[in-house]
Amino acid sequence: MAASDNEEMDFEEPQVKGKRKKKDNKAESGKKRLKEKDAEMEQLQSTSNGDINTESCFPPTFSVSDIKNKQRRHFMFMKLKQQKKKEKSDLKKKRKREREALGDKAPPKPIPKTIENQRVFDETVVNPEDDEVALDEGTDEFSSYFNRLTNPKILITTSDRPRGRTVRFCEQLATVIPDSHVYYRRGLALKKIIPQCVARDFTYLIVVNEDRKVPNGLVLCHLPNGPTAHFKVSNVRLRKEMKRRGKDPSEHVPEVILNNFTTRLGHSIGRMFASLFPHDPNFIGRQVATFHNQRDYIFFRFHRYIFKNEKKVGLQELGPRFTLKLRSLQKGTFDSKFGEYEWVHKRHEMDSCRRKFHL
Amino acid sequence: LRTKTQNFCRNEYSLTGQCNRSSCPLANSQYATIKEEKGQCFLYMKVIERAAFPSRLWEKVKLSKNYEKALEQIDTNLIYWPRFIRHKCKQRFTKITQYLIRIRKLTLKRQRKLVPLSRKVERREKRREEKALVAAQLDNAIEKELLERLKQGTYGDIYNFPAHAFEKALDNQEPESETDSEEEEENEDADDGHREFVEADIDESDLSDFEEMNKLKGSSDEEGSSEEEESEMEEEAEKEAVCSTSKGKKSKGKAPIKGPFRKKRAYVEIEYEHEIEPAVKERAT
């Protein structure tokens, strides 16, 4: 029995070997068909006939994508992937063993790469002590606000014929931003209402654009000939859709948090947001409006906070939330045809690199 | 072109849009239409005498921009023509002028511009937004910012943890909870009191001779269990030996505090009345 087993095994092995050889031959013949270097072919044949398991001796110019036959190509690719995986896991295990062996003396773990870490260096990142920037900000359009010369007064309106969601969104925005008024637009041209607004001392004009019954754009125009920013609005959540929300925001002036506005452009947008709100927040109200910039998306949240103790804050979200993405920044007031654009989002240039952000 | 109820005529010179025997430009040898080109209306006429000259078949007359004058022009040109054609021409002309007026009015108003959205781009942006949201960790960021503002004192004196400013100035430590810092304060005060009294004893005797220490301590004003005294001793030793670290105090300070500190509390309260009392209330609630 044993003998017969052995014989069977002997039978099998050559068969298996034969199959492997066949596959080798197929791969080689595949290469042959590509008319690779013949000398190397012969060499390969001689070597691979002898040793079956290592099929890594291919000519250096060979790549898996050169095999025309889909099945074979797939097979070779899978093998390549498995090999790479194996190498990677071996390396990992080795490193782990080393780390354990070293114990306390092990070097600190390397910092994982994140998109924020890998961000392409942007030369317009603002240095906090930059003099030029400070000078610019002292004389730009928001300086009057920051010098407390003007108080913000905001007009919120929509595009024509707003639907329910947009209307409610505007109302909620009006409660969040103190001293803001919602007016409906019945076919009025923006260019005509701008001088009227200026005459009535408004500092800001917000136009919420609507598409398919949902707000999807926001034009933020600083009024006395200030810059106009056009944003894409997404993920609007109205107040009643918020989980665990509290009561409605009170009339207290909220604080403002601006996070992560690093570049020059980001800085000016940040100042724009800051000048939406009056200067002196009522700390009694304990409300905070946050504009958090992450990878060019600005997240707006409105919370009520409470300090539980020195180290812990409790946050309760009330008020709408939405995200903005800057589409364009224009120098003067809203003028789509003749405006001088300071920054426009150009999709093909700016979206191609995944590690490059502008705000 | 045939629909269920109507036949439409596709000929460009058709007067009415329907395909009838009476209103077909091909079927009638004498025919007239009004056509509009770039805001200008023209009267086209076809007569049988020119049927042999197809290139000269249609006679084009420019109509005046004034509505009434144009109507008169039509009348004079189509004099002696069948009533049907005349009537239909005038009707057509009226309709054309009306829609021209409407176009002019609309172009003055704001036009709605349709911007095409690329589905691929929208999906990409949506995906990136979700990832950015996850990476942002908004709640943590907001909390951190608020705590920093609290530390920097932008809130002034509204909140009841101002004593910590002292602590931070004194010890380079992470911010502690209220109770701990209170204990620390009390500890320090108590220890200060202790030090003056007990230090000499320590110098003389070994730290390990706790029994002796107990006896010595028994004579002191502060009474407490031996454990407390020991831990206090250890505390003092620690304090003397090492720059104060809160952790040591915290672990050992909590237990013994109650005994002697109850007595000391009066002392402490006198000095820091305003700050500690409300904190005490908080602890109670």
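One line per chain: the protein sequences are U and H, in this order.
Numbering of the first sequence is given in this note's numbering, commencing with residue 1 and proceeding in unit increments.
Numbering of the second sequence is given in this note's numbering, commencing with residue 1001 and proceeding in unit increments.
Even for Gly, the Cβ is constructed at its ideal location relative to N, Cα and C.
When the Cα atoms are used, residue 1091 (chain H) and residue 1097 (chain H) turn out to be separated by approximately 10 Å. Spatial neighbours of residue 1058 (chain H) in its own chain (CB-CB distance under 6 Å, excluding positions within 5 residues in sequence) are listed in chain order as 1044, 1046. Along the stretch 70–82 of chain U, there is no position whose C-beta sits under 9 Å from a C-beta of chain H. Residue 230 (chain U): member of the beta strand (DSSP E) spanning 228–237, first to last residue. DSSP places residue 300 (chain U) within a strand segment (E or B) once states are collapsed to three. Per the Cβ contact rule, the stretch 244–260 of chain U is in contact with the stretch 283–300 of chain U (3 or more Cβ pairs under 8 Å). For residue 184 (chain U), not one C-beta of chain H is nearer than 8 Å to its own C-beta. Non-local beta-carbon contacts of residue 213 (chain U) in its own chain, meaning distances under 8 Å to residues more than five positions away in sequence, involve 163, 164, 165, 166 in chain order. By the Cβ neighbour-count rule, residue 170 (chain U) is buried, with 16 or more other Cβ atoms within 10 Å of its own. With contacts defined by Cβ atoms closer than 8 Å, residue 299 (chain U) and residue 1136 (chain H) form a contacting pair.
In this structure, DSSP gives residue 1051 (chain H) a state outside helix and strand, which the three-state scheme calls coil.
The stretch 1115–1127 of chain H makes no contact with the stretch 81–94 of chain U: fewer than 3 CB pairs, one atom from each, lie closer than 8 Å.
Here DSSP, grouped into helix, strand and coil, assigns residue 1077 (chain H) to helix. At the C-beta level, residue 1130 (chain H) and residue 234 (chain U) stay beyond 8 Å of one another. Distance from residue 353 (chain U) to residue 120 (chain U) at the Cβ level is roughly 6 Å; contact confirmed, criterion being Cβ atoms closer than 8 Å.
Between the alpha carbons of residue 259 (chain U) and residue 117 (chain U) lies a distance of about 17 Å. Per DSSP, the continuous alpha helix (DSSP H) segment holding residue 1100 (chain H) begins and ends at 1083–1108.
In chain order, 1129, 1132 make up the part of chain H whose C-beta sits under 7 Å from the C-beta of residue 297 (chain U). For residue 1139 (chain H), the closest Cβ of chain U is nearer than 8 Å. Nearest Cα to residue 1026 (chain H) within the set H:1079, H:1039, H:1071, H:1011: H:1011.
Taken through DSSP and simplified to helix, strand or coil, residue 181 (chain U) comes out as strand. DSSP places residue 287 (chain U) in the uninterrupted beta strand (DSSP E) bounded by 287–294. Contact annotation: in the stretch 314–326 of chain U, residues whose CB is within less than 8 Å of a CB in chain H are 315, 323, 325. Runs of the beta strand (DSSP E) spanning 3 or more residues and lying entirely within the stretch 1008–1037 of chain H occur at 1031–1037, in chain order. The beta carbon of residue 198 (chain U) is closer than 7 Å to those of 223, 224 in its chain, skipping five residues each way along the sequence. The beta carbon of residue 1050 (chain H) sits closer than 6 Å to those of 1056, 1057, all from its chain and outside the five residues before and after it, given in chain order. Around the CB of residue 157 (chain U), 16 or more other CB atoms lie within 10 Å, so the residue is classed as buried. The C-beta separation of residue 177 (chain U) from residue 276 (chain U) comes to about 6 Å, placing the pair in contact by the 8 Å criterion. Only those residues of the stretch 276–305 of chain U whose C-beta falls short of 9 Å from the nearest C-beta of chain H are listed: 283, 284, 288, 290, 292, 293, 294, 295, 296, 297, 299, 301, 303, 305. Interface annotation for the stretch 225–239 of chain U against chain H: 232, 234, 235, criterion Cβ-Cβ distance under 9 Å. By the Cβ-count criterion, residue 1033 (chain H) is buried, with 16 or more other Cβ atoms from all chains shown falling within 10 Å of its own Cβ. Within chain U, 307 have C-beta atoms less than 7 Å from the C-beta of residue 1159 (chain H), given in sequence order.
For residue 1142 (chain H), the chain U residues whose Cβ falls inside 9 Å of its Cβ are 257, 259, 288, 290, 292, 301, 303, 305, 313, 315, in order along the chain. Under the three-state reduction of DSSP output, residue 1045 (chain H) falls in the strand class. In this model, residue 160 (chain U) and residue 205 (chain U) are separated by some 16 Å (Cα to Cα). At a Cβ-Cβ threshold of 8 Å, residue 249 (chain U) and residue 314 (chain U) do not count as neighbours.
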